[in-house]
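Residue numbers (my numbering): 65 to 244. By construction, the Cβ of each residue, glycine as well, lies at the ideal position given by its N, Cα and C atoms. Computed from a prediction, not measured in an experiment: that's the story for all the values here.
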Amino acid sequence: MGKPSYDNRTGGPIHPRIPADDNLERLVCDYCGFINYINPKIIVGAVCTWDEKFLLCKRSINPRKGYWTIPTGYMEERETTIEGAMREAMEEAYAVVEIDSLLGVYSIPRISQVQLIYRARLVNPNVSPGPESEEVGLFPWSEIPWESIAFPSVRWALGHFREVEGKTNFAPKSEGAMNL
């Protein structure tokens, strides 16, 4: 989706410029001066486990169709980050999960994303592909298909999970300003 070219409130054209008392270029309505802020997208998801196995979903959509990921996706309006992570597990793998704790926060400026990834337990091992997954599976650590992982942030999340596995008190991992 591209940037808007008009103010949907007044119908006036909007153009990039630096508003008064600001230092960044914004989209501003020529008629009324309304500032249309374009902000990063929030991605939510979870590293979900069952009996020391990790839930992975093989993507059936682009980007990275055919590659493995953890259940993640865009946060929806009027939901909490935890609700979003639980919804994504259900949408991608028909997985019912209990969220344990925040695992990591990853900032990816190149694509204007902030990712919040949780640590979660599957309520049961009954998983199956949702509409955005070709296949889902529960993998022991030694059998994770590392060569077919979709995104660096999936590697970060899985790696951090291993670092804090079994711990109840840990700081969420922060990966920032990655030029991906």
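Could you check the C-alpha separation between residue i and residue j for me, to the nearest Å?
| i | j | result |
| --- | --- | --- |
| residue 195 | residue 201 | 15 Å |
| residue 203 | residue 121 | 10 Å |
| residue 83 | residue 197 | 43 Å |
| residue 139 | residue 170 | 15 Å |
| residue 107 | residue 172 | 11 Å |
| residue 165 | residue 97 | 42 Å |
| residue 141 | residue 103 | 14 Å |
| residue 109 | residue 205 | 19 Å |
| residue 105 | residue 221 | 18 Å |
| residue 70 | residue 176 | 22 Å |
| residue 237 | residue 167 | 6 Å |
Please classify residue i: does DSSP put it in a helix, a strand, or coil?
| i | result |
| --- | --- |
| residue 230 | coil |
| residue 75 | coil |
| residue 97 | coil |
| residue 222 | helix |
| residue 145 | helix |
| residue 102 | coil |
| residue 155 | helix |
| residue 204 | strand |
| residue 217 | helix |
Taking all protein chains shown into account, decide if residue i is buried (16 or more other Cβ within 10 angstroms of its Cβ) or exposed.
| i | result |
| --- | --- |
| residue 112 | buried |
| residue 235 | exposed |
| residue 135 | buried |
| residue 181 | buried |
| residue 218 | buried |
Which residues does DSSP pair with residue i in a beta bridge?
| i | result |
| --- | --- |
| residue 191 | Note: residue 191 sits in no beta bridge, so no partner. |
| residue 111 | 183 |
| residue 245 | As shown, the chain starts at 65 and ends at 244. That puts residue 245 outside it, with no answer to give. |
| residue 68 | Bridge partners of residue 68: none, in fact. |
Any 3 or more C-beta pairs closer than 8 Å across the region 153-172 and the region 74-92: They do not touch, by the three-pair rule.
Cβ pair count under 8 Å reaching 3, the region 75-82 against the region 93-102: yes
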